[in-house]
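> For reference, the structure I am asking about is given below.
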Amino acid sequence: MEGLTTEEMVGKILEVQEELSDLSYQVEAVRLSNSTLKQENEGLQHKINVLKKQLREAPQLTQQQQQQQQEQQQEQEQQQVLLQQQQQPQQLGEAESAVSGDVPRAAAAAATPAAAATPAAAAAPAAAASAAAAREEGQQQETEHGDPPTEAAATEEAATGAAATEAAATAAAATVAAATVAAATEAAATEAAAQEVICLSPDP
18 MEGLTTEEMV
28 GKILEVQEEL
38 SDLSYQVEAV
48 RLSNSTLKQE
58 NEGLQHKINV
68 LKKQLREAPQ
78 LTQQQQQQQQ
88 EQQQEQEQQQ
98 VLLQQQQQPQ
108 QLGEAESAVS
118 GDVPRAAAAA
128 ATPAAAATPA
138 AAAAPAAAAS
148 AAAAREEGQQ
158 QETEHGDPPT
168 EAAATEEAAT
178 GAAATEAAAT
188 AAAATVAAAT
198 VAAATEAAAT
208 EAAAQEVICL
218 SPDP
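Per this note's numbering, the sequence shown starts with residue 18, numbered consecutively.
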């Protein structure tokens with residue numbers, strides 16, 4: 018600064034003041050920038066805190082949702098079990114009623130031929146006995162009169178023998194039919210009882 022005139026010194030001072038003024042503007046700009054950055058940092062920090070809170074609460078919400086789903090699933094399973102328990106007695110009752118209805122029907126159907134065959138089986142021995150009595154009476158009459166057997170008597174005797182044979186065959190057929198009907202009745206009753214046991218037995 019020595020050797021400078023007053024004007025030159027004033028000029029230097031003005032230059033320094035301008036530089037200081039520029040520096041002050043720059044400092045102010047930096048302060049403003051720092052303030053803006055600080056606000057931005059605070060905003061980012063707030064967002065980070067919100068995200069952290071959401072992350073902490075997210076597992077709890079997931080556990081609550083899982084618990085609710087498990088409770089709903091358990092309720093649905095209980096309802097299904099109750100429905101099955103209600104349906105099983107109904108199905109068993111329907112099966113019992115169906116079987117109890119089928120057994121009398123099968124027995125009645127089997128008893129009908131048996132009832133029809135019983136009179137025939139009962140009438141066959143009576144017819145055979147009548148034919149034998151008629152033939153014996155004819156033989157006694159021939160013995161009493163002492164006359165040789167005529168063609169009519171022989172024909173009558175042959176007819177009587179044929180009637181007796183037919184009556185015996187009818188009796189045998191009726192006996193076989195009655196036995197067949199009894200076997201069919203027993204088979205129908207056995208099958209109906211087996212169906213009832215199958216319907217009443219619980220599912221494995």
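Ideal placement from N, C-alpha and C gives every residue a C-beta, glycine not left out.
What is the rounded straight-line gap between the Cα of S52 and the Cα of N66?
Residue numbering aside, residue 52 sits at position 35 when the sequence shown is read from its first letter. Residue numbering aside, residue 66 sits at position 49 when the sequence shown is read from its first letter. Those two C-alpha atoms are separated by around 21 Å.
> In whole angstroms, what is the alpha-carbon distance linking A199 and A191?
Position 182 of the sequence shown holds residue 199. Position 174 of the sequence shown holds residue 191. Cα to Cα, the separation comes out at about 12 Å.
> Put T192 into one of helix, strand or coil per three-state DSSP.
Taking the first residue of the sequence shown as 1, we reach residue 192 at position 175. T192 falls in the helix class under three-state DSSP.
> Rounded to a whole number of angstroms, what is the C-alpha to C-alpha distance between E61 and Q93?
Start at 1 with the first residue of the sequence shown, and residue 61 comes out as number 44. Start at 1 with the first residue of the sequence shown, and residue 93 comes out as number 76. In the sequence as presented, Glu is not what sits at residue 61; that position holds Leu. Taking the straight line joining both Cα atoms gives about 47 Å.
> With DSSP as the reference, label P202 as helix, strand or coil.
On the sequence shown, position 185 is the one that residue 202 refers to. Looking at the sequence shown, residue 202 is not Pro but Thr. Residue state, collapsed to three classes: helix.
> From L72 to R48, what distance separates their C-alpha atoms?
Taking the first residue of the sequence shown as position 1, residue 72 is located at position 55. Taking the first residue of the sequence shown as position 1, residue 48 is located at position 31. Near 35 Å, if we compare the C-alpha coordinates of R48 and L72.
> So for L21, helix, strand or coil by DSSP?
On the sequence shown, position 4 is the one that residue 21 refers to. L21 falls in the coil class under three-state DSSP.
> Taking the C-alpha atoms as reference points, what is the distance between Q96 and T207?
By one-based count along the sequence shown, residue 96 stands at place 79. By one-based count along the sequence shown, residue 207 stands at place 190. When rounded, the distance between both Cα atoms is 38 Å.
> Could you tell me the distance, in whole angstroms, from the CA atom of Q43 to the CA atom of E36?
Counting from one through the sequence shown, the residue named residue 43 turns up at place 26. Counting from one through the sequence shown, the residue named residue 36 turns up at place 19. If you take the alpha carbons of Q43 and E36, they lie about 10 Å apart.
> Compute the Euclidean distance between the alpha carbons of S41 and L31, then round it to the nearest angstrom.
If you number the sequence shown from 1, residue 41 lands on position 24. If you number the sequence shown from 1, residue 31 lands on position 14. Distance between the alpha carbons of S41 and L31 is about 15 Å.
> Work out the CA separation of A46 and T23 for me, nearest whole Å.
Counted from its first residue, the sequence shown places residue 23 at position 6. Counted from its first residue, the sequence shown places residue 46 at position 29. About 34 Å.
> Using the C-alpha atoms, what's the distance from K29 back to K55?
Indexing the sequence shown from 1 puts residue 55 at position 38. Indexing the sequence shown from 1 puts residue 29 at position 12. Approximately 38 Å, taken between the alpha carbons.
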